[in-house]
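Colleague:
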Amino acid sequence: MRDFVPLTILSGAIMAKFINPFTDVGFKIIFGQEMTKDLLIDFLNDLLVGERHIQDRCVLHEFPSG
Numbered sequence: 027m028r029d030f031v032p033l034t035i036l037s038g039a040i041m042a043k044f045i046n047p048f049t050d051v052g053f054k055i056i057f058g059q060e061m062t063k064d065l066l067i068d069f070l071n072d073l074l075v076g077e078r079h080i081q082d083r084c085v086l087h088e089f090p091s092g
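Our numbering applies: residue 27 is where the sequence shown begins, and numbers increase by one.
#1: When the Cα atoms are used, what is the spatial distance from GLU60 to ASP82?
#2: Tell me which residue opens and which closes the alpha helix (DSSP H) that ASN71 is part of.
#3: Could you pull the start and end residues of the alpha helix (DSSP H) that PHE57 belongs to?
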């Protein structure tokens, strides 16, 4: 299994080549963007099979841009 996600899927200027999704910062960079909203919802619904169904998400404490 690959531990890192290439930054080419993300927008914005980031210095590193890869982001580790297993860290708080990495997870929020990958899943906390508007363009990855559907990806996060699908991911969480796959984890919660048979339980409640997530239809939307709201990101609190977003990282400042810039």
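Beta carbons: idealized from backbone N, C-alpha and C, even for Gly. Note that the structure is predicted; figures quoted are calculated from it, not measured.
Modeller: According to the structure shown:
#1: The residue given as residue 60 occupies position 34 in the sequence shown. The residue given as residue 82 occupies position 56 in the sequence shown. Approximately 11 Å between the Cα atoms of the pair.
#2: Here residue 71 corresponds to residue number 45 of the sequence shown, with the count starting at 1. Where ASN71 is concerned, the enclosing alpha helix (DSSP H) stretches over 63-73.
#3: The residue given as residue 57 occupies position 31 in the sequence shown. Its alpha helix (DSSP H) spans residues 50-57.
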